[in-house]
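Numbering (numbering that gives the first Met the number 0), first residue to last: 0 to 91.
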Amino acid sequence: MNRGELIKVLSEKYNLDPQFAADFVIHFFDSIKQALNDGGRVELRGFGSFAVKNYESYTGRNPKTGIQVEVKPKKLPFFRPGRDLKEYLNRK
Numbered sequence: 000m001n002r003g004e005l006i007k008v009l010s011e012k013y014n015l016d017p018q019f020a021a022d023f024v025i026h027f028f029d030s031i032k033q034a035l036n037d038g039g040r041v042e043l044r045g046f047g048s049f050a051v052k053n054y055e056s057y058t059g060r061n062p063k064t065g066i067q068v069e070v071k072p073k074k075l076p077f078f079r080p081g082r083d084l085k086e087y088l089n090r091k
């Protein structure tokens, strides 16, 4: 499911104006991104939690040429699924 499909499902299920549903979905994801950018953690009970992991710089190697390169420090998003989501996916 992509963002457009999510907007369509929300607008049909709850009889919402498609533009309102689109604004809601966009604002929802923007709020998550902003919280993570501010160094916070986002937890959606029953679904999972989002956090940011900070990676220091390190010396890597270009696999094609074998030349060593310096990899800059970076932040990457990390998702940890909640117990309810795992149980839902693994039910029989």
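For each residue, glycine too, the CB sits at the ideal point set by N, CA and C.
**Report entry** E69 - containing beta strand (DSSP E), residue span
**Finding:** For the purposes of this step, residue 69 is taken as the residue at position 70 of the sequence shown. Taken as a continuous stretch (DSSP letters only), the beta strand (DSSP E) holding E69 covers Q67 to V70.
Query raised in the report: Of the choices D83, D37, A34 and R2, whose alpha-carbon is the least far from that of A20?
Result: Position 21 of the sequence shown, counting from 1, holds the residue named residue 20. Selected option, being the one with the closest Cα: R2.
Query - Assigned exposure category for I6 - 16 Cβ within 10 Å defines buried - result: Numbered from its first residue, the sequence shown carries residue 6 at position 7. By the neighbour-count rule (16 or more Cβ atoms within 10 Å), I6 is buried.
Report task. Pull up the distance between the alpha-carbon of V24 and that of R82, whole angstroms please. Result -> Mapped onto the sequence shown, residue 24 falls at position 25. Mapped onto the sequence shown, residue 82 falls at position 83. Their backbone Cα atoms lie some 24 Å apart in a straight line.
Query raised in the report: Of all the options Y13, N14 and L43, which has the alpha carbon lying nearest to the alpha carbon of L84?
Result: Here residue 84 is taken as the residue at index 85 of the sequence shown, counted from 1. It is L43.
Requested in this report: Identify the continuous alpha helix (DSSP H) that holds L88 and give its terminal residues.
Outcome: The residue you call residue 88 lines up with position 89 of the sequence shown. R82 to L88 is the extent of the alpha helix (DSSP H) around L88.
Query raised in the report: If you check the beta carbons only, do K74 and V51 fall under 7 Å apart?
Result: In the sequence shown, the residue the question calls residue 74 occupies position 75. In the sequence shown, the residue the question calls residue 51 occupies position 52. Closer than 7 Å, so yes.
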